[in-house]
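> As they're listed, the protein sequences go chains A and B.
Note that numbering that gives the first Met the number 0 numbers the first sequence so that position 288 is 287, with each residue one more than the last.
Note that numbering that gives the first Met the number 0 numbers the second sequence so that position 208 is 207, with each residue one more than the last.
For each residue, glycine too, the CB sits at the ideal point set by N, CA and C.
2 protein chains.
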Amino acid sequence: MRDKFIVTPWEVRGNIDYSKLIKQFGVQHLDNKLLERMKKHTGEVHYFLRRGIFFAHMYFDVILNDLEKGKKFYLYTGRAPSGPVHIGHLIPWIFTKWLQDKFKATLLFEIPDEEKFLFKDNFSMDDAKKWAYENILDIIALGFDPKRTKIFLNTEYAKTLYKNACFVAKKITVSTAKSTFGFTDSNNIGEYFYTSMQSVPAFLPTILEKRETHCLIPCAIDQDVHFRLTRDVAISLGYPKPATLLCRFLPGLQGIEHEGKMSSSESHTAIFTTDDPKQVHDKVMKYAYSGGQATIEEHRKKGGNPDVDVSYQWLTFFEENDKKLKKIHDDYKSGKLLTGELKQILIDKLNKFLKEHQARREKARNEIEKFMLRD
Amino acid sequence: MRDKFIVTPWEVRGNIDYSKLIKQFGVQHLDNKLLERMKKHTGEVHYFLRRGIFFAHMYFDVILNDLEKGKKFYLYTGRAPSGPVHIGHLIPWIFTKWLQDKFKATLLFEIPDEEKFLFKDNFSMDDAKKWAYENILDIIALGFDPKRTKIFLNTEYAKTLYKNACFVAKKITVSTAKSTFGFTDSNNIGEYFYTSMQSVPAFLPTILEKRETHCLIPCAIDQDVHFRLTRDVAISLGYPKPATLLCRFLPGLQGIEHEGKMSSSESHTAIFTTDDPKQVHDKVMKYAYSGGQATIEEHRKKGGNPDVDVSYQWLTFFEENDKKLKKIHDDYKSGKLLTGELKQILIDKLNKFLKEHQARREKARNEIEKFMLRD
């Protein structure tokens, strides 16, 4: 069972072996050489990169080549709304915001409000739209530059998207979609067509601005498969291949082995951006999978295992300070830090982050229109 | 070979047996009983109906039931632009205009400018758009009421259409699309999705006006297959099933047995709405398949065969006067009327029609915006 895992844009299950995934998806390891080249432009290496949270890429080397020639890129990422945003969703967006700041880059943020409708039973387009605008608050709360960021719902920007999606769709056979996504004849024709709607923003500004602009997509690794198709199509349409920077998933509270990523549908294993301090406290205390020992005595003697401890793992995503994190790691491993204490460090960290996020999230209600792109 | 024919929305070939087609497509014969019920509202029976040019239907009886209860319907038809309009294209539109006049009905006229792009090699979306606006001139020239007629290009109305198309698409599997259209895994995902874009106008006003309005679609019989899918989907979406009134095809100049319908791609066998009198004369004289005999003497003796004579067949579409038509039929059959004379009657008829059409077509250039619906 340890080795069995599934990663598709619609399903992530099992204990993911990310090294295997790199091979399986045919993507590249994001190595130090690339990070050093990036650092020449950014001045620093984001801790998501240092810690291998963003661990893989496609064509990021081409983005760096372009940068070295003075050529800019734009950013593209997205969110398919189906419910509230949890802290796992924020990871690629936090990184995207950092990239925007460092490179003064334009960002297209797609909200494919038809995707979950097409792929899920009992989920309405109206619900998708309601969640879309709730989720947009979380996006804006992260501090994206309104002058450089365009957010759009697919159904509200369809006049632009649909026509361009047809260019993509013409080049993708059902046979290709089957082998790429594992679809069968029982999937609906909307599911098949959908990937072409996700492709469009990867070359859209090139069309809009009539110039060769390279697209860089920071996202979780499960999404690269869409852009693999986009790359095949882009060349024949005369556009550059979109590049990706790919991250791993924040595990759910029940741990890495229990589930591949945090899931909104198992609400007790996820921390939502709207959770209050007590909810965060109670969920972490009750459900966070512990790498500690059965008794305090045993823990003091043998120490804990940070590699499987969810609280520690989460801190690798949320504690920016390397020194602090190392001390937590070492203290936990030596048995000096107890599971309850470690959990409390995480709770304090999350609640501090969420308090600020929630304040910005409320403020965002009046800022939505500054960001929206509609036909 | 006589019995071999193919009728799909994308291919019409062979000598079509329309009685067989009714069974094959699972549609109904448009019988006199229905025409008599219709006449109570229209006061007359259009000669396309009397002559079996419109010969089949689905759910037209339901439209009549509704009418008898005082409930209105709206009309929907379309044109996929890929080149100039020929006189065969006009047949369902002329009839649609008659229905609009008789019932003061709203008409949605879809111009799916992505369809031919998706289905044809070497045909660009830009060309489709260019032809769309050329074709719209022909539509307007037929005299549709600008207050009751909305024409839209799919790419320009996609904000409304795409979202609604997703409702349809979710209910149609690839398996269903394969068995309905004869697609394989080699067809592209845009071809598969397309039918859902053609479905939408069959229930769109119901959405827009939030009331139960029945849709009646006058079209050539090859299109019914799209609406068969729409009917299956409509019920589960809570909309009434769209009704169709189905016509046969105007044959090409080379005759009924040579080709199932007039084709723009074989320009010498088609009369375009922009052809000048000399072109019409020359094409008919040179190419119109004759039911006459090899020599004048033989023709005088044995008479001609109006059933296969293209000039006569075309006159059944364009000569409104039953008495005149019967005389032509009888004179040709008896040998009194020679092929050259019959051709001249057709040429005069067509050139008179086209002269007026072309004048209205030029005038239409200033009227386009009165008709267009865009997001």
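Could you check where the beta strand (DSSP E) with A219 (chain A) kicks off and where it finishes?
Element bounds for A219 (chain A): H213 to A219.
> Please list the residues of the region 95-114 of chain B that have a C-beta atom closer than 7 Å to any C-beta atom in chain A, keeping them in chain order.
Answer in chain order: E113.
> For a contact meaning CB atoms closer than 9 Å, what does T154 (chain B) contact in chain A?
The contacting residues are K158, Y161, K162 and C165.
> Specify whether the region 324-337 of chain A and the region 300-310 of chain A touch according to this definition: at least 3 beta carbon pairs, one from each stretch, less than 8 Å apart.
Yes, the region 324-337 of chain A is in contact with the region 300-310 of chain A.
> So what does Q27 (chain A) bridge to, in DSSP terms?
Paired residue(s): A:H56.
> If we cut at 8 Å on Cβ distances, does F122 (chain B) have a partner in chain A?
Chain A contact via Cβ: absent.
> Does the distance from the CB of A164 (chain B) to the CB of S123 (chain B) come in under 8 Å?
It is not a contact, given that the beta carbons lie outside the stated cut-off.
> Within the chosen definition, does the region 242-255 of chain B reach the region 220-232 of chain B through at least 3 CB pairs nearer than 8 Å?
Touching, yes.
> Report the start-end ranges of each beta strand (DSSP E) in the region 72-142 of chain A that is 3 residues or longer and not cut off at the edges.
Complete beta strand (DSSP E) runs here, min 3: 72-77 and 106-110.
> Where V389 (chain A) and S262 (chain A) are concerned, what is the direct C-alpha to C-alpha distance, given to the nearest angstrom?
Here chain A has residues from 0 to 374 only, and residue 389 (chain A) is not among them.
> Taking all protein chains shown into account, decide if T154 (chain B) is buried (16 or more other Cβ within 10 angstroms of its Cβ) or exposed.
Its Cβ being crowded by 16 or more others within 10 Å, T154 (chain B) is buried.
> Would you check if there are 3 or more beta carbon pairs closer than 8 Å linking the region 305-324 of chain B to the region 356-370 of chain B?
No, the region 305-324 of chain B does not touch the region 356-370 of chain B.
> Answer with buried or exposed for K146 (chain A), where buried requires no fewer than 16 other C-beta atoms within 10 angstroms of its C-beta.
Answer is exposed; the Cβ neighbour count stays below 16.
> So what does C246 (chain B) bridge to, in DSSP terms?
Per DSSP, B:F53 and B:A219.
> Specify, as a first and last residue, the run of the beta strand (DSSP E) that V6 (chain A) falls within.
That run of the beta strand (DSSP E) goes F4 to T7.
> Count the other C-beta atoms from every protein chain shown that fall within 10 angstroms of the C-beta of S195 (chain B), then say buried if there are 16 or more, exposed otherwise.
The residue is buried, with at least 16 neighbouring Cβ atoms inside 10 Å.
> Quick one: residues in its chain with C-beta nearer than 8 Å to the C-beta of A104 (chain B), no 5 flanking neighbours on either side, listed in chain order?
Excluding residues within five positions, the ones whose Cβ falls inside 8 Å are K71, F72, Y73, L74, L98, R147 and L215.
> Which of the three DSSP states is assigned to E366 (chain B) in this structure?
In this structure, E366 (chain B) counts as coil in the three-state DSSP scheme.
> What residues of chain B sit near D184 (chain A), judged by a beta carbon separation below 8 Å?
In chain order: T172, V173, S174 and K177.
> Return no unless some Cβ of chain A is closer than 8 Å to the Cβ of S310 (chain B).
For S310 (chain B), the answer is no, since every Cβ of chain A falls outside 8 Å of its Cβ.
> Can you have a look at D274 (chain B) and say buried or exposed, based on whether 16 or more other CB atoms are within 10 angstroms of its CB?
The residue is buried, with at least 16 neighbouring Cβ atoms inside 10 Å.
> Which of the three DSSP states, helix, strand or coil, is assigned to M371 (chain B)?
In this structure, M371 (chain B) counts as strand in the three-state DSSP scheme.
> Can you tell me where the alpha helix (DSSP H) holding K301 (chain A) begins and where it ends?
Element bounds for K301 (chain A): I295 to K301.
> Check the Cβ of Y191 (chain A) against every Cβ in chain B and list those closer than 8 Å, keeping chain order.
Within 8 Å Cβ-Cβ: V173, I188, Y191 and F192.
> So that I know if they touch, is there some Cβ in chain B lying closer than 8 Å to that of F4 (chain A)?
No, its Cβ sits nowhere closer than 8 Å to a Cβ of chain B.
> Which of helix, strand or coil does DSSP assign to N14 (chain A)?
If DSSP states are grouped into helix, strand and coil, N14 (chain A) belongs with coil.
> With which residues is T172 (chain A) paired in a DSSP beta bridge?
The partner list for T172 (chain A) (beta bridge, DSSP) reads B:N187.
> Kindly indicate which three-state DSSP category I21 (chain A) falls into: helix, strand or coil?
Here I21 (chain A) sits in helix by DSSP.
> Output, in chain order, the set of chain A residues within a Cβ distance shorter than 9 Å of D374 (chain B).
Residues of chain A passing the Cβ test: A157, K158 and D374.
> Can you find a CB in chain B that lies within less than 8 Å of the CB of F54 (chain A)?
No - not a single Cβ of chain B is within 8 Å of the one on F54 (chain A).
> Does the pairing of the region 54-65 of chain A with the region 118-138 of chain A give three or more beta-carbon distances under 8 Å?
Judged by Cβ distances under 8 Å, the region 54-65 of chain A makes no contact with the region 118-138 of chain A, as fewer than three pairs qualify.
> For the region 179-196 of chain B and the region 14-30 of chain B, state whether three or more C-beta atom pairs, one from each stretch, are separated by less than 8 Å.
At 8 Å Cβ cutoff, the stretches do not touch.
> Looking at chain B, is there any beta carbon in it that lies within less than 8 Å of the beta carbon of M0 (chain A)?
For M0 (chain A), the predicted structure reports a pLDDT of 42, less than 50, and the residue's modelled location is therefore unreliable. The matter cannot be settled from this model.
> In chain B, what lies closer than 9 Å to D81 (chain A) by C-beta?
According to the sequence displayed, residue 81 (chain A) carries Ser and not Asp. Chain B residues near S81 (chain A): none, gap ~15 Å exceeds 9 Å.
> Does DSSP put R360 (chain A) in a helix, in a strand, or in coil?
Note: R360 (chain A) maps to helix in three-state DSSP.
> Which value, in whole angstroms, describes the spacing of the CA atoms of S289 (chain B) and V26 (chain B)?
Those two C-alpha atoms are separated by around 32 Å.
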